[in-house]
Amino acid sequence: MQIANSNKCSILPLLPPSATNSVTGLISHSQRMSTPAGRGGRARAPAQKVQFRRSREKAALPSLSDSSDSDTDDRDREGHNKFDPVITNPAFDEYYKEQEIVSPEEWDTFIEVLRTPLPAAFRVSPSSQFCVEILSQLENDFRKSIRPEHSDDNDTEAITPLPWYPDNLAWQFNYSRRQLRKDHSLERFHEFLKLENEIGNITRQEAVSMVPPLLLDVHPEHLVLDMCAAPGSKTYQLLEIMHHSNREGSLPDGLIVANDLVAQRCDHLIHKMKRMNTANLVVTNHEAQCFPGGFLSETNASQIAAETEMHPHQLLFDRILCDVPCSGDGNLRKAPNLWRRWNAGMGNGLHSVQLQIAMRGITLLNIGGRMVYSTCSMNPVENEAVVSEILRRCEDSVELVDVSTELPKLIRHPGLRKWKIRHKNCWFSTFNEVPDYCRGGIVRSMFPPDRSHRNSVGDHTSEFGEKFNSNDSIDPQTAVQRVHLTVNYNDSVNRISNFPLERCIRILPHDQNGGAFFIAVFNKLAPLPAIRKRTISEQDSLPSLQDQLGNLVEYMEVLEVSSSNVQNNAGGNAHTKHKWKGIDPVVFLKDESIIDNIKSFYGISDSFPLRGHLVTRNSDSNCGKRVYYISKQVKDLLELNIRAGQQLKIPYVGLMMFERKRSKEGTLTCPFRISSEGLPLILPYITKQILYASDVDFRLLLQHKSIRFANFLDREFGEKAWKLIPGGCVVVLSKGDEAVKACTRAGDSTIAIGCWKGKTCVNVMVSPLDCQELLHRLFPGEENLYPPVQGSKPSISSDDLRDGDSIRTTVGC
Ligand SMILES: C[S@@+](CC[C@H](N)C(=O)[O-])C[C@H]1O[C@@H](n2cnc3c(N)ncnc32)[C@H](O)[C@@H]1O
């Protein structure tokens, strides 16, 4: 096992060699077109497909055990103490010295810091009910009480806000995570971190990994795609940003699609996202380089456009985070075992898949949209090489954004303009130096954009590895095409060698005592060359060779759109058929009687739209046990997806809002209770089944979870509870006639809990952890003030509360 890491990227390239062109790593046209969903690889029999999928996922799994921010064992699989690792590797030193990753004067500091453990970092969620209290606790309690490691050092603080993160929301703790676990003097702080992290009030995430979401510049109305999202640290941060900058008390208009290839990693992501309580998230499970994008034919697009506000032809995004799988040497401080394993081939092997994913991202970006490409690797072949190839392929449709004035307090290094490729103990400065027998592993796009990037007349090698020489016998048509290449060559050389790669950001460990990260920010200014040329070529004749070679990837996207349209339109019942095995279908709850029943039982105001916003994960929507609420944009996306033949594979969507409770007698007026997750959103619109409790009775409920009507201290409250219709209800903390508000940064929110009114008592339907947090925040130091009340033993376990299906437990009422 390795040390956990949210940005763990040591994932192998997840395309099997057979799926890629041996020279370039790109999926070949015929391969792409031969598979219905546009996935790489030859057409496979079902059993082979399963086998293929398993082995591909397995390839990625070792890094799962590195899982992000959790604490791990002190020993690795081979029994070495992880904290006494071999923290040196001559190949590493040689490689990065040759790349001139830092100046010679900086090298010693760079390497010295790289060999020390990484300080822990975390972020306070601005959408937490207790954000202000938590920030104050950090500032006034922990910052003052925790001494720095070397307490004679008066200038250093043990815990400080990160100066570049807005609103002091992110903090760094200058102890390693191991010290945090082992040092008794830090126990109280460690407990605080664990509890608040579990609840979702804080998120443990490496400091530098918080930079890409900040540079994405997300607004509440944006459609955002996180292409490689698991385990979800950045998705969570993006959701925080989207919700925080939104108008108080309403849902953001935008949505975030969080995608990851590995199903198990999607599960980790979902677990993390559940803490956010958001109706604006869709989790998908696709190869990012083949993320579905082409949806509708011209004919049904106009109809959809009239009915929804979605882009009629394609699913395009305003913001895309492309945090690709990488070799991960920016994590050396956190995963010192990497020192032993590190070699230059790790980066080389990932370049092609990184480029494919990034190009797919650019294709899926709206004009005017922004994409952030990032890795936690320091290696230029995974970074600047990918960036310059994107710029070359996209010509003037894409610009590399100068973000030097954003996050001004963040110390950073500019991107490199020169680098070399190391392969089998050889260094190559240009692709022309690479002998033929090495060209299977080394492709031209790995090299810096200089004169070698476009080959001279005598030696044309396409991105797709086809090499043709001027001495070959050629037909006149081909000759014309070569001249065309040569003419363009001189222009493009000038443009290419002027790519402003220094606009990329490379954060190194010694910059601010953190990890390493690479970030590049792109703006899409115009349609991609292949799309523009396609329009022209549709009018004229076949595209030129230049078009075909230079832009085949994007061209395939275009073709893919057409082919998927053909399938969708030919499918006939594609709208209703669910095509993803092993994933429950997403079904709109359409039964009016169920919706009316819920609406009238809780007196939900018409201004809270329910129709069209409720989905279940059961093909018979009337039997769904859990009902999820989705925002307007998510609704539009799901409708579009259904019409387009369910191209998106969606393991998770929506905010759990209602849970069906089975009654033995079957006499419940409304079998649905409001879930804790959905309560904050719907609370302002509920007019029935609400009780206002004094702080004493509220505290009693939190402490004992189940209280008989007669045992409430306020008799009137007990009577009101008794008079409620049996079923779901809400208890609000009040002072006199006023609901008590929690002080959040975005605005005040009412303190309330979901309950169940039984025959003789009120039962709290909140997890023990959340009860503990509420007690701690609302009644500090008094959590155990009251002894258990007789006859009101808690009878609902935490599992019951986490698993909505299990609340059948009769609660002794
Ligand atoms: C660097 S990690 C992402 C970290 C994540 N953005 C975060 O902040 O928590 C890379 C992720 O890419 C996923 N991955 C690897 N190959 C992929 C592919 N071809 N398509 C989509 N995801 C892929 C891995 O499963 C892994 O979860």
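Per my numbering, residue 4 is the first one in the sequence shown, and the count goes up by one each step. For each residue, glycine too, the CB sits at the ideal point set by N, CA and C. As the structure is a computational prediction, the values presented were derived from the model and not from experiment.
Using 8 Å as the threshold, is the C-beta distance between I205 and L196 below it?
Cβ atoms of I205 and L196: closer than 8 Å.
Can you say whether C134 is buried or exposed, counting buried as having 16 or more other CB atoms within 10 angstroms of its CB?
Result: buried.
Distance, I607 Cα to G730 Cα
Put simply, the backbone Cα of G730 is about 15 Å away from that of I607.
Rounded to whole angstroms, what is the Cα-Cα separation between L353 and L777?
Going from the Cα of L353 to the Cα of L777 covers about 46 Å.
Which value, in whole angstroms, describes the spacing of the CA atoms of N554 and C231?
Annotation note: pLDDT 39 at N554 (below 50); position unreliable, coordinate value reported separately. For N554 and C231, the distance between alpha carbons rounds to 24 Å.
Could you pull the start and end residues of the alpha helix (DSSP H) that M245 belongs to?
Annotation: the continuous alpha helix (DSSP H) that includes M245 extends over 236-247.
So, with DSSP's three-state summary, where would you put E642?
In the three-state reduction of the DSSP assignment, E642 falls in the helix class.
Sufficient close CB pairs (3 or more, under 8 Å) joining the stretch 88-104 to the stretch 329-348
Touching, per the Cβ criterion.
Identify the continuous alpha helix (DSSP H) that holds L264 and give its terminal residues.
Run containing L264: none; DSSP gives neither H nor E here.
Contact the stretch 101-111 vs the stretch 171-186: 3+ CB pairs below 8 Å
With the rule of 3 Cβ pairs closer than 8 Å, the stretch 101-111 does not count as touching the stretch 171-186.
Would you kindly work out how many angstroms separate the C-alpha atoms of R126 and L183, rounded to a whole number?
Our two residues, R126 and L183, have alpha carbons roughly 17 Å apart in a direct line.
So what's W174 in DSSP terms, helix, strand or just coil?
Strand.
Go ahead and pull the three-state DSSP assignment for M381.
M381: coil per DSSP, three-state reduction.
Around the Cβ of H187, are there at least 16 other Cβ atoms within 10 angstroms (buried) or fewer (exposed)?
Per the 10 Å Cβ criterion, exposed.
Where Q430 falls, given that 16 or more other Cβ within 10 Å makes a residue buried
This sequence places Trp at residue 430; Gln is not what is there. So W430 counts as exposed.
Residues that DSSP places opposite V406 in a beta bridge:
Under DSSP, no beta-bridge partner is assigned to V406.
At a cut-off of 7 Å, would you count V356 as near ligand 1, judging by its Cβ distance to the nearest heavy atom?
Within 7 Å of the C-beta of V356 there is at least one heavy atom belonging to ligand 1.
In whole angstroms, give me the CA-to-CA distance for H271 and P234.
Taking the straight line joining both Cα atoms gives about 6 Å.
V404 beta carbon less than 8 Å from that of V221
The Cβ atoms of V221 and V404 lie no closer than 8 Å to each other.
Quick check: the Cα distance between R506 and K638, rounded to an integer number of angstroms?
Pairing R506 with K638, the inter-Cα distance amounts to about 38 Å.
Complete runs of the alpha helix (DSSP H) confined to the stretch 720-781 [at least 4 residues]
Secondary structure within the stretch 720-781: the alpha helix (DSSP H) runs of 4 or more consecutive residues, fully enclosed, are 771-781 (chain order).
Among the residues of its own chain, which have a CB less than 6 Å from the CB of A742, if the five just before and after it don't count?
For A742, where only same-chain residues beyond five positions count, the Cβ hits under 6 Å are V735, T753.
For K201, I'd like the list of residues in its chain whose CB is within less than 7 Å of its CB, leaving aside the five on either flank, ordered along the chain.
The amino acid occupying residue 201 in the given sequence is Glu; Lys does not appear at that position. Beyond the five residues adjoining it in sequence on each side, E201 comes within less than 7 Å, by CB distance, of L772 in the same chain, given in chain order.
Opening and closing residue of the alpha helix (DSSP H) in which D698 lies:
Counting along the chain, the unbroken alpha helix (DSSP H) around D698 starts and ends at 698-707.
Looking at the structure shown, is C673 part of a helix, part of a strand, or coil, going by DSSP?
DSSP, read as helix, strand or coil, puts C673 in coil.
To the nearest angstrom, how far is the alpha carbon of F720 from that of Y695?
Between the alpha carbons of F720 and Y695 lies a distance of about 8 Å.
Cβ atoms of I685 and F591: under 8 Å apart, would you say?
Against a cut-off of 8 Å, the Cβ pair of I685 and F591 comes out as no contact.
Boundaries of the beta strand (DSSP E) in which D326 is found, first to last residue:
D326 -> beta strand (DSSP E) spans 320-326.
Only counting the same chain, and skipping five residues up and downstream in sequence, which positions put a Cβ closer than 7 Å to that of S128?
Answer for S128: C134, G203, N204, I205, T206, E243, listed in chain order.
Determine the contact status of P151 and E160, defining contact as a CB-CB distance below 8 Å.
The answer is yes: Cβ separation under 8 Å.
Using 10 angstroms around the beta-carbon of N249, count the other beta-carbons present and answer buried if the total reaches 16, otherwise exposed.
Residue burial annotation: N249 is buried, with at least 16 other C-beta atoms found within 10 angstroms of its C-beta.
Measure how close the beta-carbons of D321 and V227 come, nearest whole angstrom, since I'm counting them as under 8 Å.
Yes, D321 and V227 are in contact; Cβ-Cβ is about 7 Å, under 8 Å.
Three or more C-beta pairs under 8 Å: does that hold for the stretch 646-658 against the stretch 708-722?
In this structure the stretch 646-658 does not touch the stretch 708-722; the number of beta carbon pairs closer than 8 Å is below three.
Looking at A124 and A210, is the spacing between their C-beta atoms short of 8 Å?
Yes.
How would you label G585, buried or exposed, when you count the other beta carbons within 10 angstroms and need 16 or more for buried?
Its Cβ having fewer than 16 others within 10 Å, G585 is exposed.
Work out the CA separation of K723 and T238 for me, nearest whole Å.
Rounded to whole angstroms, T238 to K723 spans 43 Å at the Cα level.
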